[in-house]
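Shown next, in structure tokens, is the structure this report addresses.
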Amino acid sequence: MPRYDAKRIEPKWQAFWDQHSTFQLGSIDPSKQKLYVLDMFPYPSGAGLHVGHPEGYTATDIVCRYSRMRGRQVLHPMGWDAFGLPAEEYAIRTGTHPAVTTAQNIETFKRQLKSLGFSYDWSREFATTDPDYYRWTQWIFLQLFDTWYDAEHTWTGPDGVTRTGKGRPIAELPIPADIASQGQEAVRRYQDKHRLAYQHEAPVNWCPALGTVLANEEVIDGKSERGGHPVERTPLRQWLLRITAYGDRLANELEDLNWPESIKLMQRNWIGRNEGAEVDFWIGECGVRSAECGVEEEFAAWKSLRAKSGFPKEPSPDVLRIYTTRPDTLFGATYMVLSPEHPAVDRLTTPEQRAAVDAYCQQAAMKSDLDRTDLAKDKTGVFTGGYAINPINGERVPVWIADYVLISYGTGAIMAVPAHDLRDCEFAEAYGIPIVWVVETPKGYEYSKEELAFPLERKIDVLYPFTGEGRAIHSSIYNGLKTHVFKAKITNDLAENGLGRKAVNYRLRDWLFSRQRYWGEPFPIWHELDANGQPTGLMRTDDAASLPVRLPEMADFKPTGTPEPMLSKAPADWLFQTTADGVRLKRETNTMPQWAGSCWYYLRFADPKNDKQFLNPAIEKACLPVDLYVGGAEHAVLHLLYSRFWHKVLFDRGLVSTCEPFQRLVNQGMILGEVDENGRAEKMSKSRGNVINPDTVVDAFGADSLRLYEMFMGPLEAVKPWSMKGVEGVSRFLARVWRMIADELHEDAVRLNPAVQDVTPSAEQLRVLHRTIKAVTNDIESLGFNTAISRMMEFVNEFLSIEVRPRAVMDPFVLLLSPFAPHLAEELWELLGHTTTLAYEPWPTWDEQHLIETEVEIPVQINGKLRGKVKVPVNADQPTLEAAAKSDATIASQLEGKTIVKTVVIPGRMVNFVVK
RNA sequence: GCGAGAGUGGCGAAAUUGGCAGACGCGCUGGACUUAGGAUCCAGUGCCUUAACCGGCGUGGGGGUUCGACUCCCCCCUCUCGCACCA
């Protein structure tokens, strides 16, 4: 066996690591530094591992192996995100239970991962589908259910930071006297409205093809993220998690995280915090029905009442509450728009407009998100016939309905200022609504492309719509104020008169948390039923001690075809029970979304076998947070936002001691298919037939080659094309490493190459070694694996040409190689005469002494162009360098007959003569 | 449209603070060894010009700062990703 034979070496060492539990991290020793390195755990699909998986996994494996050798205690676990649709869809087609498919797929994934030699602590492995795990997922849900958000509460957390806003136990929710006086049931309903996990009926994203509703984050361009099926809007009673309560903290606390700026930005944009004001427009008891009818006295009465009572928390029925980020344009509001679903539409609509309004609302209700975006260019709407009164100037403004206003954002109603808003302007033009200019365009203002391209005639002496900031005009006493001053002042004035208030809005919506599928965590929730078997709306929870609520066995997995959850077909003994006090209960039949399990798995890895607690507090303090988290960017606003949200709730409830779960995040770039003849590389996909299976690569070249190649392709974060030739290249390199140390001439057995001898290395050899140690160490620290590998290639190129290779140089080199190609390294380590694994050998260190060179070659430029090189002592000073440069034959000849205007000498770097 | 990131040989890429552009690998060319080579080894390989040396050009394009720019500044082009009626 003379040749480098991955097929012999790799299984041998994988078995060794297994048998010796080499990478099992026992209990944490607080006196040693810990490092928690986490991969985004995979969904074990039927297709098996993809070459994209080992990219991030190899990177983290290198960091872990390196860190162990640096003496850190490394927590490096792996598990399975195993709930989800594909297993259930497969069950529908074949009748195979999702649990069976899932177990098979996990087995395949695990075999594949093991064949790549990753140093996971497999003793911590679990799947989100394990009842011992989802027991605690349900338990955390109960914590969310037991928590309300106190936005005013100021407190100092275990991290020493003082915050305003905290999730607190529901028992601490103050109950208003009028609610308390109505009895226990009213109190329970009041509490239910304030929980972080609550039920709410609203139009949701219903996907008929998938047979479930989806979160906003899972809908892209009106289609499901998974499968690309159309998504409809249907009103349904669903579970929601109050993530919006944490909007500010989710946005602000990104600041200190070592995450890619692009991901932080995506999260901030997704949260979409903006500040503005809420303003009430008076509409009277049944709406201001015409432009003429006299309501001035009533309006005046309302206004003076408001001046005394202040701005109510909830809008009263006699007003339309709007949200605006530009309260300074209140004088330019020439109409209002309600979303078609707005509750006041009915009251405002006049008999003459009734038919048109009803027709429009009906049409809007049927429109899916896709339709709405498709029609984004053409704004439509209908006049309700009603008017509202602008609180600032008492003017009547017509109220319209239009689907460009969304019920789910702000208050579902806007004041429209066509002079200063692109959408309002477009709408006003289409329906002939007057336009009032209230912000003067500053002189020299450069219009945005959008403003310039606006397809309207310019009717005023200035261009419109103008959406920038300027000085106020046509705004009564506010004339002349700059926009930001005006905003603050009018918001304050409105608040003093009880007509408005400062308000913050988020693009982020509460997280729709229920699904109608089978293969997910059941909710630990029961619904109380009345004598007729109808839900009363009151709920009970399962005892924490009785968890998990296991999934029931099902006869068939056919979807119901309606938004009725799959579990409604569960056996009656699972669905119903009667309490000791005689209350009939029905189980919640929705299941949790796939994200639930992945929201907290990183916590469980620290303490995976604990059957008393979701996580032991002492272990939590010792292991968390995750120091390095590597995965794809596709989770930027899904998993990574949801996880942070749960973590913050757990933090508020004193269950974890850090406010953020993932200190450092790195996104590995996607691996594309091979470059085609047009020089283009495309995404790997079954339909393109360019998917690379890691198994075939391991079979042909070995795991070390696959690992090394994926790291050598380019920077970890970069998108890069696959190349089988490239794998061959690194495979050749490993064969060269083998030949450098092992003997290939003898067929009988593996022996040390006779060139490897116990001799003292030369200064030059030490220089090469220490240069390599330094470069590889620094490159691993900065995750620059591609350049680390090229450094090792340079080393091997040097030493292959040397007849006698000192063992004292070969030993440390093998250690440098070991995080990258662990199997080969272990084999060579053994061959070099060592009897234990190198996994915990001290990482080689470099000595600057060995790096010092006596002579260096310095480039000499004339007018900035390279004209020659001179060899000088490494510490040559300026005059020496200049003299050496001038005395160089080629430089001297080029300088002849020219005047040196200036000489730039950077010692140790270069010399430049500026000549005329 | 808005936001972010990126453009370097035939290809993947590298380049401390502005200081020798193209390390390392693939591919290609020539050679050695071989029954054979898709093994291995040696030499060469940015482009143009040249027998060769020399020389000229060269980091998407254009301008600028500088003794000196892949690197800093301004304008433009292309590609990738994210968002997209959010008031």
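So the first sequence is residues 1357 to 2272, counted in the working numbering.
Backbone N, C-alpha and C fix where the C-beta goes; we use that ideal spot for every residue, glycine too.
None of these values were measured; they are calculated from a predicted model.
(message) Using only the alpha-carbon positions, how far apart do V1795 and K1843 sit?
(response) 12 angstroms
(request) State yes or no: is the C-beta of A1483 within less than 8 angstroms of the C-beta of G1435? (result) yes
(message) Using only CA atoms, which one of E2016, A1542, E1641, V2005 lies nearest to D1612?
(response) E2016
(message) For the beta strand (DSSP E) containing D1636, name the first residue and the last one.
(response) 1630 to 1638
(message) Using only CA atoms, which one of R2107, Q2121, R2163, K2081 lies nearest to Q2113?
(response) R2163
(message) Going by C-alpha to C-alpha distance, which of E1884, A1900, A1901, D1899 sits closest to G1893?
(response) E1884
(request) State the Cα-Cα distance for the pair D1817 and T1690, rounded to the nearest angstrom. (result) Low local confidence applies: a pLDDT of 44 at D1817 is under 50, so the model's placement there is unreliable, with the coordinate-based value given in what follows. For D1817 and T1690, the distance between alpha carbons rounds to 19 angstroms.
(message) Quick check on the burial criterion: 16 or more other C-beta atoms within 10 angstroms. Buried or exposed for P1386?
(response) exposed
(message) When you compare the CB positions of L1923 and P1908, do they come within less than 8 angstroms of one another, or not?
(response) yes
(message) Checking 8 angstroms against the spacing of the C-beta atoms, do W1951 and R1943 come in under that value?
(response) no
(message) Going by beta-carbon coordinates alone, are M1425 and Y1985 separated by less than 8 angstroms?
(response) no
(message) What ranges does the alpha helix (DSSP H) occupy inside the stretch 1723 to 1800, keeping only unbroken runs of at least 4 residues that lie completely in it?
(response) 1725 to 1730, 1778 to 1787
(request) Indicate whether T1503 and P1525 have their beta-carbon atoms separated by less than 8 angstroms. (result) yes
(message) Spatial neighbours of R1662 within its chain, please: C-beta separation below 7 angstroms, excluding the five flanking residues on both sides.
(response) N1853, G1854, L1855
(request) Could you say which of V1761, T1706, A1633 lies nearest to P1696 if we only look at CA atoms? (result) V1761
(message) Let's test the definition: count the other Cβ atoms within 10 Å of the Cβ of L2101 and tell me whether it reaches 16, buried, or not, exposed.
(response) exposed
(request) Throw me the rounded Cβ distance for the K1735 and R1779 pair, which I believe falls under 8 angstroms. (result) 7 angstroms
(message) By the DSSP assignment, the beta strand (DSSP E) with I2218 in it spans what residues?
(response) 2211 to 2218
(request) Name the residue from R1873, F1655, L2062, S1618 whose alpha carbon lies nearest to the alpha carbon of V1407. (result) L2062
(message) I'd like the list of long-range same chain contacts for L2277, defined as Cβ closer than 7 angstroms, with 5 residues on each side in sequence excluded.
(response) Any answer about residue 2277 is impossible in this case: the structure gives the chain only from 1357 up to 2272.
(message) Whole angstroms are fine: how far does the CA of L2125 sit from the CA of E2209?
(response) 14 angstroms
(message) Do N1861 and G1632 count as a contact pair if the criterion is CB distance below 8 angstroms?
(response) yes
(message) As an exercise, report each continuous beta strand (DSSP E) stretch of at least 3 residues that is fully enclosed by the stretch 1878 to 1925, in chain order.
(response) 1881 to 1885, 1891 to 1897
(request) In angstroms with no decimal places, state the Cα-to-Cα distance between W1658 and A1928. (result) 56 angstroms
(message) Looking at A1558: is its Cβ nearer than 8 angstroms to the Cβ of P1591?
(response) yes
(request) Starting from W1299, follow the beta strand (DSSP E) in both directions and report where the run begins and ends. (result) Residue 1299 cannot be examined here, being either before or after the span of the chain that is shown, 1357 to 2272.
(request) Can you have a look at R1449 and say buried or exposed, based on whether 16 or more other CB atoms are within 10 angstroms of its CB? (result) exposed
(message) Using 8 angstroms as the cut-off, can you tell me whether the stretch 1613 to 1629 makes contact with the stretch 1580 to 1594, which would need three or more C-beta pairs spanning the two stretches below that distance?
(response) no
(message) By the three-class DSSP mapping on this structure, what secondary structure does M2080 have?
(response) helix
(message) Does R2107 come out as helix, strand or coil in the three-state DSSP assignment?
(response) coil
(request) Classify A2105 as buried or exposed, calling it buried when 16 or more other Cβ atoms lie within 10 Å of its own Cβ. (result) exposed
(message) Please classify P1811 as buried or exposed, where buried requires at least 16 neighbouring CB atoms within 10 angstroms.
(response) With a pLDDT of only 49 at P1811, under 50, the local geometry of the prediction cannot be trusted, and the value read off the model is given with reservation. P1811 should be labelled exposed.
(request) Identify, in the order they occur along the chain, each residue of the same chain with its Cβ nearer than 7 angstroms to the Cβ of D2244, setting aside the five sequence neighbours on each side. (result) V2216, G2224, V2226
(message) Looking only at its chain, what residues have a beta carbon closer than 6 angstroms to the beta carbon of R1480, apart from the 5 residues adjacent to it on each side?
(response) P1433, F1961, P1964
(message) Measuring alpha carbon to alpha carbon, tell me which residue in T1464, E2137, L1686 is nearest V1792.
(response) L1686
(message) Taking the alpha-carbon of D1912 as reference, which of W1875, M1895, Y1679, A1936 has the nearest alpha-carbon?
(response) W1875
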